[in-house]
Structure formats: C-alpha cells, structure tokens
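In this note's numbering, the protein residues as written are 5 to 121.
Every residue, glycine too, gets a C-beta built ideally from N, C-alpha and C.
For clarity, every value in this text was computed on a predicted model and none was experimentally measured.
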C-alpha cells in the first residue's frame, strides 16, 4: 500500500518537475503589410508525452495576433526554429510578445518581447 501511494505521488508530481519550453530567439520581418516570425524554441522534448506544441504572438494588451501549432516532438532537434507568416499587426503597436506552450506544463511563465521592424 505504501509503495503504491509513493508511486502515485511521484507520477502526479512529475509535471511539477518538468521544465517549461522557452522562446530562445525571434527574428521578425515585414513584407506587404504582414509580418513573419521565425521563432526558435528550446524544450527538453521526450516524445509525444512531453513536447513543445504551440507558440503564439500577442500584442501588449494580451490579444493573440497569431498562433503556430508545432505538429510533433523535436527530440533530436533542439533548439528548433519554425516560422509563422502573414501575421497582421494593427498600426500603433511597436512590440509583441512570443509565448510557447508545452503539453505538460502549459504556457511558459515568461515569453520573449521583441520590437517590430
């Protein structure tokens, strides 16, 4: 009984020990009134059970301007870069924040704020 309880406690605590994904680097470019974000993500992907699965672009008010699903784990490709194109950003906004999510810990506690070109 004690052994079973310890196993259950250990398994339920596992997400608390998991490292959140981080936005490692962001390159932003503008063309024809829309922006492209090349986002480098770092996360200790272990497979389908724990991997970075999405990043998003938010304005300073917290509005989501764009999202990119990360379709699969990147166990052997760390950090990795994926792009999101065609992001429309309203006039008057000069910076955005890029946030990343993983399927165990959720949205990372901090994102990376970048100035727009």
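Between residue i and residue j, which are expected to be in contact by the criterion C-beta below 8 Å, what is the C-beta distance as a whole number of angstroms?
| i | j | result |
| --- | --- | --- |
| residue 99 | residue 114 | No, residue 99 and residue 114 are not in contact; Cβ-Cβ is about 15 Å, not under 8 Å. |
| residue 91 | residue 38 | 6 Å |
| residue 29 | residue 44 | 4 Å |
| residue 51 | residue 79 | 6 Å |
| residue 73 | residue 57 | 7 Å |
Going by other Cβ atoms of all chains shown within 10 Å of its Cβ, with 16 needed for buried, is residue i buried or exposed?
| i | result |
| --- | --- |
| residue 120 | exposed |
| residue 105 | buried |
| residue 49 | buried |
| residue 77 | buried |
| residue 25 | buried |
| residue 97 | exposed |
According to DSSP, is residue i helix, strand or coil?
| i | result |
| --- | --- |
| residue 32 | strand |
| residue 78 | coil |
| residue 46 | strand |
| residue 38 | strand |
| residue 71 | strand |
Whole runs of the beta strand (DSSP E) within the segment 84-119, excluding any shorter than 3 residues: Fully contained in the segment 84-119 are the following beta strand (DSSP E) runs of length 3 or more, in chain order: 84-91, 99-106, 116-119.
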